[in-house]
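Everything below concerns the one structure shown next.
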Amino acid sequence: MFKKGIELVIEIKNLNKTFKNHGKEVFALKDLNLKIESKDFVCLLGPSGCGKTTLLRLIGGLEKGDNGEILEDGKLVTEPSNERGFVFQQYSLFPWLTVLDNVIFGLSLGKSSKEENIRRAKTYLKSVGLKNTENLYPHELSGGMKQRVAIVRSLVNKPKTLLMDEPFSALDIQNRHNLQDELVRIWQKTERTIIFVTHDVDEAVFLSDHIVLMGKNHGHIKEIYNNKLPRPRNKNSKEFLAIQNHITELLEG
Ligand SMILES: Nc1ncnc2c1ncn2[C@@H]1O[C@H](COP(=O)(O)OP(=O)(O)OP(=O)(O)O)[C@@H](O)[C@H]1O
Ligand SMILES: [Mg+2]
768 MFKKGIELVI EIKNLNKTFK NHGKEVFALK DLNLKIESKD FVCLLGPSGC GKTTLLRLIG
828 GLEKGDNGEI LEDGKLVTEP SNERGFVFQQ YSLFPWLTVL DNVIFGLSLG KSSKEENIRR
888 AKTYLKSVGL KNTENLYPHE LSGGMKQRVA IVRSLVNKPK TLLMDEPFSA LDIQNRHNLQ
948 DELVRIWQKT ERTIIFVTHD VDEAVFLSDH IVLMGKNHGH IKEIYNNKLP RPRNKNSKEF
1008 LAIQNHITEL LEG
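In our numbering, the protein residues as written are 768 to 1020.
In structure tokens, the structure reads:
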């Protein structure tokens, strides 16, 4: 995945992670090696239990591997950092805070003034069509709106890397497609690196530059598919469907 002269943001070397399940040691990740370039959109794709979430949490510094290492810009990842923003599958908003307060929550600990934080939060909310929701509480929002707020909350911190764990899987198909479109737009505009977990082939083909196919046994990488399909992508095009079929075959093979 690494081309000469291109900035590398994440490098994973010989990473292993085991868990004890009922006294038995199971490999969630085994001898995993991966290089991710700056500003790439990378999807981690694979069946349930193949280690996608574990890998994302380790990249985010939320958990430690047993051995091996994860480097971010050449530095060892040992803990969470503002350079890495998370969006989880479950809408992780604070129910007692308004949309605006949810978004500026993480920012209020930073250096800029409250007015500046509010201005920035409002700009981001507007850019994802949430201009009129600033004073609403999470229970007053639809699932798609909540997930938009969660994305905005991680973006306002301007992280270099956005780590997303099946963020759209709880949404209906229409909302999911809308947010996929929006995420690509945000990614193109803000030039972040995105590492996006999904088990949906269609989603991976639509979003990514590279698809990391993971196999079920001992959380390993089966193959990396470089997705050169031009953007904007049309899910009904012949080319799209051909790649989708190819990826499905690779996953099943
Ligand atoms: N905290 C934990 N304790 C024990 N075992 C765990 C823990 N977290 C993950 N595992 C095990 O590690 C393996 C990988 O789990 P992980 O959650 O990373 O898979 P996943 O690919 O994200 O699956 P899904 O698509 O269902 O979310 C599984 O065998 C799981 O049982
Ligand atoms: Mg998972």
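We treat Cβ as the ideally placed atom computed from N, Cα and C, and that holds for glycine.
In whole angstroms, what is the alpha-carbon distance linking residue i and residue j?
i, j, result
"T1015", "V923", "35 Å"
"I978", "L930", "15 Å"
"F973", "P997", "10 Å"
"E883", "G896", "20 Å"
"H1013", "D969", "11 Å"
"R824", "E830", "6 Å"
"E774", "L950", "22 Å"
"E1019", "N1003", "22 Å"
"F769", "C817", "Caution applies to F769, whose pLDDT of 46 falls short of 50 and renders its modelled position unreliable; the value that the coordinates give is listed next. Computed Cα separation, rounded: 24 Å."
"K890", "T928", "Sequence inspection shows Thr at residue 890; the Lys mentioned does not correspond to that position. Whole-angstrom Cα-Cα distance: 20 Å."
"Y858", "N849", "19 Å"
"D833", "T785", "7 Å"
"F861", "L938", "19 Å"
"I918", "N1001", "24 Å"
"G982", "D868", "40 Å"
"V916", "I940", "19 Å"
"Q955", "G790", "46 Å"
"L903", "V866", "6 Å"
"G911", "I885", "22 Å"
"G986", "F963", "17 Å"
"S880", "R887", "11 Å"
"N788", "F794", "10 Å"
"H944", "E901", "24 Å"
"L822", "D798", "12 Å"
"S909", "N942", "10 Å"
"E839", "I961", "14 Å"
"I953", "K898", "16 Å"
"K771", "G841", "Its pLDDT being 48, under 50, K771 is placed unreliably by the model, and nothing is read from it."
Contact check, residue i vs residue j under 8 Å by CB: the rounded distance?
i, j, result
"L812", "L980", "6 Å"
"I777", "I803", "4 Å"
"Y992", "L1017", "7 Å"
"I1010", "N984", "Contact doesn't hold; Cβ gap of about 25 Å is too wide."
Under 8 Å, do residue i and residue j count as touching if we go by C-beta distance?
i, j, result
"R959", "P999", "no"
"N781", "N800", "yes"
"F853", "L864", "no"
"Q856", "P934", "yes"
"H966", "P847", "no"
"L843", "V870", "no"
"Q914", "L874", "no"
"G828", "T845", "yes"
"S975", "F808", "yes"
"T820", "D948", "no"
Quick check on the DSSP output: the alpha helix (DSSP H) that includes residue i runs from which residue to which?
i, result
"N849", "Careful: N849 lies outside any alpha helix (DSSP H) and carries neither H nor E."
"V870", "V866 to F872"
"F861", "Segment: none, F861 is in no alpha helix (DSSP H) and carries neither H nor E."
"A971", "V968 to L974"
"F1007", "K1005 to E1019"
"T965", "First-last for T965: T960 to T965, but that is the beta strand (DSSP E), not the alpha helix (DSSP H)."
"L811", "No alpha helix (DSSP H) holds L811; the beta strand (DSSP E) holding it covers F808 to L812."
Taking 8 Å as the threshold (beta carbon to beta carbon), is residue i in contact with chain C?
i, result
"M931", "Among the chains in the structure shown there is no chain C, since it carries only a single protein chain."
For residue i, is the beta carbon positioned less than 7 Å from some heavy atom of ligand 4?
i, result
"A795", "The model depicted lacks ligand 4 and carries ligand 1 and ligand 2 instead."
Where do the ends of the beta strand (DSSP E) carrying residue i lie?
i, result
"D798", "K791 to E804"
"D932", "T928 to D932"
"E778", "L775 to N788"
"G835", "N834 to E839"
"Y992", "H987 to N993"
"H944", "H944 -> not in any beta strand (DSSP E); alpha helix (DSSP H) instead, spanning I940 to T957."
For ligand 2, list every residue whose C-beta falls under 7 Å from any of its heavy atoms, going in chain order. The chain-ordered list of residues whose CB is nearer than 7 Å to some heavy atom of ligand 2 reads K819, T820, D932, E933 and V964.
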